[in-house]
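Beneath this line is the structure, given in structure tokens, with notes to follow.
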Amino acid sequence: MYEILEKNKLSETVKLMKIRAPLVAKKAKAGQFIILRINENGERIPLTIADFDEKEGTVTIIFMEVGKTTRQLGELEVGESLLNFAGPLGVPSEIEKYGTVVCIGGGVGIAPLYPIVRDLKKKGNYVISILGARNESLLMLEKEVEEFSDEMHICTDDGSKGIKGFVSNVLQKLIDDGVKIDMVMAIGPVIMMKVVADVTRPYKIKTLVSLNPIMVDGTGMCGGCRVSVGDEIKFACVDGPEFDGHLVDFNNLMLRNRRFICEEEEACKLEGV
Amino acid sequence: MAVRKTKHEMREQLPKDRIKNFNEVPYGYDEKTAIEEAKRCLQCKNRPCVNGCPVEIDIPDFIKHVAEGDFDKAVDVLKTKTSLPAVCGRVCPYENQCEGECTLLKLGEPVAIGRLERFLADYEREKGVKIPKGTKSSGKKVAIVGAGPAGLTCAGDLVKKGHDVSVFEALHAPGGVLMYGIPEFRLPKDIVNAEVDYIKKLGVDINYDVVVGKTITVDELQKDFDAIFIGTGAGLPRWLNIPGENLDGVYSANEFLTRVNMMKAYLFPEYDTPVKIGEVVATFGAGNVAMDCARTSLRLGAKKSYIIYRRTETEMPARNEEIHHAKEEGVIFRLLTNPIEFVGDDKGILKSVKVIKMKLGEPDESGRRRPIPIPNSEETINIDTALVAIGQSPNPLIPQTVKDLKIAKWGNIEVDEDGQTSIPGIFAGGDIATGAATVILAMGAGKKAARAIDKYLKEKN
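Chains as they are written, first to last, in this note's numbering: chain A, 1 to 273; chain B, 1001 to 1461.
Set out below in structure tokens:
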């Protein structure tokens, strides 16, 4: 059992939890994910690791309540436990000295971006962070990200905070202003990552994206998380979750992420969540 | 009295009933039938059946006790060689193993060894399983990676020899393929749990949610344990590599079966994991896993369930019993037919599969006649779901993360006959070493490795 040690509400639908999972905390690296299950009847869901503390033996997850399991998870309180919590899974981010790196986080994607920003900065990169969300209440971790960023840009779709517009607009402006960018790391909604990849493609700027397809086991067995990357079928759980944004078939990913939308609605309705 | 030429029948649920439920298909022998069947055994001196058993069960001995009505003694004989008799008695391909060697084959049908094993295991489980007394501790520690048939067998054998055994399992449940792969109606999960419980009561410690290679590494295990057995099984599914394979509605057999079996999607929404199949399902492949997919689909409510296979029934890798059950249940076999493209609608949802007719040509390297497409014989079959059941490649996690471990061409771990890998003290067996095979071969590999590990530990002293 994996105890919930801390719980914070980051916005109406986004929550942070610190979970006691010493073995996972010991091995966790930026860019990896975990698979959790709440109870005996529960499904296995992947969540990207938002932070970890080896000494404390804790792993932090940040999740948006979008379906039955995440809503149920959000209802759990400090002191309660999760039945299963396995990880860290996936290949960690490649933290190297690239030079100037633009880190882009959209909505709840800011959470897994944070440890990457931190590690890239510690490695000596010049880090420009762009955080975006639909509105101010959906932004998160601005202070934390800013601490490890040389430049910080915030934007919202409705202009309630920062620039009114999308993260891709900010990125385009940086490019237009002649900023020499060596690498772009983008985590957020699939559509955001697709647009970011489209922006950088003509300039051949290396662009990594972190994908979140539907998974079952998360250990390289079921193939449910397959994505088309270039000419190949890749498995996000063991080959990813980060891939070259210029090669990912985002349209197919969006479609595959909607596979069980009707069942999800049915489950939520029955549960009254 | 002349020996009866045929096996005693085992009663089964009628096909029309069983396709509406997930309950086990056969009911098993009653005591009287078991005794009568056991009496058919000739008690051959040369014991050919034992040679056919990968885990070396003393078959004539346990059958003799059954014939005498002494089921407890029979169970004791069985349990000295296998810790998973209820599993083996259900999913072993006996016809190619023990029963394939039976002298009675010259006369007619072999002794129903599999059914007798199953009977005994069920007899013991209902009565309450006896736990043998612990052996004196050897003071040696062994780590087993993966709680599937290979790992559990290896663990059971080693703990009986007095070693301290810890199993590390990536998933939240034990059993490996017994739990996620083989459906409830062929192998009830309560039975798997009961056999795992027996192994735990022998003193084996099972740790869940530990993904070796990620949560802990093999290097770390080497520091804490005197020997390691790797039984991580088959991994990533193989694909047909035809257009449209990523459409919504195309599943690997692994994903489909894991959802239904391990995550209990057939009980959705009581259980949270969904699966959806629509009205027409096509399964590609013709092994046991393919039969499981096709038969599961019917139970989930499919109106039509096809097996689409490019060769003929003779070349099908599935057991005859599975093919027979699938046919009885109304699975439609489209043989000499090969898929060439999955077609979806504008939303990316699978609608049909384009297939082409095949004919058999000259034998290929596998010895089977190679299927060749017949020009201009394309056809479109409307389907809602496609299940790709054409095999798996070995799980990549351990090969990816252990330095100096010799890996063969297909990604499996190289081992010698005893399961010894290229690193002293590290052993491997089952699908991770041999490529996808059967439960009993994995168990056999676990058993051999246990013997080799025991020897290794003694010599290490």
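Using N, Cα and C, we set each Cβ at its ideal position, and we do this for glycine too.
Am I right that residue i and residue j are in contact with their C-beta atoms under 8 Å? What's the rounded C-beta distance?
i: V199(A); j: L171(A); result: 5 Å
i: V1050(B); j: D1058(B); result: 6 Å
i: A1227(B); j: I1440(B); result: About 24 Å; that fails the 8 Å criterion.
i: P1396(B); j: L1405(B); result: Going by Cβ atoms, the distance from P1396(B) to L1405(B) rounds to 12 Å, so no, they are not a contact pair.
i: L23(A); j: V78(A); result: With a Cβ gap of about 21 Å, L23(A) and V78(A) do not count as contacting.
i: D1164(B); j: K1447(B); result: That pair is no contact at about 19 Å.
i: M183(A); j: Y114(A); result: Not confirmed; about 17 Å, so no contact.
DSSP on residue i, reduced to helix/strand/coil?
i: E6(A); result: strand
i: C155(A); result: strand
i: A1286(B); result: coil
i: G87(A); result: strand
i: C103(A); result: strand
i: F1119(B); result: helix
i: Q72(A); result: helix
i: A1147(B); result: coil
i: D53(A); result: strand
i: G1235(B); result: strand
i: S1297(B); result: helix
i: M1262(B); result: helix
i: Q1222(B); result: helix
i: A133(A); result: strand
i: E96(A); result: coil
i: R20(A); result: strand
i: N1046(B); result: coil
i: V1087(B); result: helix
i: T1135(B); result: coil
i: S81(A); result: strand
i: Y126(A); result: strand
i: Q1097(B); result: coil
i: G220(A); result: coil
i: G1344(B); result: strand
i: P202(A); result: helix
How long is the line joining the alpha carbons of residue i and residue j, rounded to whole angstroms?
i: E1365(B); j: E1322(B); result: 26 Å
i: T1273(B); j: F260(A); result: 10 Å
i: F1071(B); j: K1079(B); result: 12 Å
i: A1386(B); j: T1314(B); result: 23 Å
i: E1497(B); j: E1459(B); result: The structure shown does not extend to residue 1497(B), since chain B is modelled only from 1001 through 1461, so no value can be given for it.
i: E1034(B); j: P1054(B); result: First, the residue type needs correcting, since residue 1034(B) is Ala and not Glu in the sequence shown. One C-alpha to the other measures close to 23 Å.
i: K269(A); j: Q72(A); result: 13 Å
i: V209(A); j: D244(A); result: 6 Å
i: L89(A); j: E1255(B); result: 18 Å
i: I1199(B); j: S1393(B); result: 28 Å
i: I233(A); j: R1004(B); result: 55 Å
i: E1379(B); j: V1353(B); result: 8 Å
i: N1207(B); j: V1167(B); result: 6 Å
i: G283(A); j: V101(A); result: The first residue shown for chain A is 1 and the last is 273, placing residue 283(A) beyond what the model contains.
i: E1037(B); j: R1118(B); result: 13 Å
i: C225(A); j: A1433(B); result: 25 Å
i: V1025(B); j: A1112(B); result: 17 Å
i: I1063(B); j: Y1123(B); result: 14 Å
i: G1175(B); j: M1443(B); result: 12 Å
i: E65(A); j: G74(A); result: 7 Å
i: A1147(B); j: I1230(B); result: 10 Å
i: I181(A); j: N212(A); result: 25 Å
i: F166(A); j: G188(A); result: 12 Å
i: I1144(B); j: P92(A); result: 26 Å
When you measure from the CB of residue i to every non-hydrogen atom of the ligand NAP, does any distance come out below 8 Å?
i: Y1306(B); result: Looking at this structure, you won't find the ligand NAP or any other ligand, since it has none at all.
| message | Please identify, using Cβ separations under 9 Å, the residues of the segment 1268-1295 of chain B that lie next to chain A, in order along the chain. | response | Taking 9 Å as the Cβ-Cβ cut-off against chain A, the residues of the segment 1268-1295 of chain B that qualify are F1268, P1269, E1270, Y1271, D1272, T1273, P1274, V1275, K1276.
| field | Inter-stretch contact (C-beta, 8 Å, three-pair minimum) for the segment 239-250 of chain A and the segment 1257-1266 of chain B | value | Short answer: they don't touch.
| task | Decide if the segment 1194-1205 of chain B is in contact with the segment 1081-1097 of chain B; the criterion is three or more beta carbon pairs, one per stretch, under 8 Å apart. | result | Yes, since at least three Cβ pairs between the segment 1194-1205 of chain B and the segment 1081-1097 of chain B fall closer than 8 Å, the two stretches touch.
| query | Quick one: any contact between the segment 15-33 of chain A and the segment 51-68 of chain A, if contact means 3 or more CB pairs under 8 Å? | reply | Remark: three or more beta-carbon pairs, one from each stretch, lie closer than 8 Å, so the segment 15-33 of chain A and the segment 51-68 of chain A are flagged as touching.
| said: Pairs of beta-carbons, one from the segment 1228-1242 of chain B and one from the segment 181-197 of chain A, closer than 8 Å: are there three or more? | reply: The segment 1228-1242 of chain B is not in contact with the segment 181-197 of chain A.
| message | Using a Cβ-Cβ cutoff of 8 Å, what residues of the segment 1393-1417 of chain B are near chain A? List them in chain order. | response | For the segment 1393-1417 of chain B, the set of residues with a beta-carbon nearer than 8 Å to any beta-carbon of chain A comprises N1395, P1396, L1397, Q1400, in chain order.
| request: Select from the segment 82-105 of chain A all residues with a C-beta closer than 8 Å to any C-beta belonging to chain B, and list them in chain order. | output: If the cut-off is 8 Å between Cβ atoms, the segment 82-105 of chain A has L83, N84, F85, A86, G87, P88, L89 near chain B.
| Cβ contact check for the segment 1408-1417 of chain B and the segment 1425-1434 of chain B: 3 or more pairs under 8 Å | Yes, since at least three Cβ pairs between the segment 1408-1417 of chain B and the segment 1425-1434 of chain B fall closer than 8 Å, the two stretches touch.
| said: Under 8 Å, with one C-beta from each stretch per pair, do the segment 1283-1292 of chain B and the segment 1322-1342 of chain B reach the 3-pair mark? | reply: Under the Cβ criterion (8 Å, minimum of three pairs), the segment 1283-1292 of chain B counts as touching the segment 1322-1342 of chain B.
| message | If contact is defined by three or more beta carbon pairs under 8 Å, each pair taking one atom from either stretch, is the segment 1177-1185 of chain B in contact with the segment 1211-1226 of chain B? | response | The segment 1211-1226 of chain B is not in contact with the segment 1177-1185 of chain B.
| query | Closer than 7 Å, Cβ to any Cβ of chain B: which residues of the segment 186-214 of chain A, in chain order? | reply | Cβ contacts with chain B: none found.
| Counting Cβ pairs closer than 8 Å, one from the segment 104-119 of chain A and one from the segment 128-138 of chain A, do we hit at least three? | Note that the segment 104-119 of chain A touches the segment 128-138 of chain A; at least 3 beta-carbon pairs, one per stretch, sit closer than 8 Å.
| query | Quick one: any contact between the segment 1118-1131 of chain B and the segment 1096-1105 of chain B, if contact means 3 or more CB pairs under 8 Å? | reply | Verdict: no, contact absent.
| message | At a CB distance below 7 Å, what residues from the segment 1164-1197 of chain B approach chain A? Give them in sequence order. | response | So the close ones are A1170, L1171, H1172.
| said: So if I threshold CB-CB distances at 8 Å, which residues from the segment 17-30 of chain A count as touching chain B? | reply: Close to chain B, meaning a Cβ-Cβ distance shorter than 8 Å, are the following residues of the segment 17-30 of chain A: L23, V24, K27.
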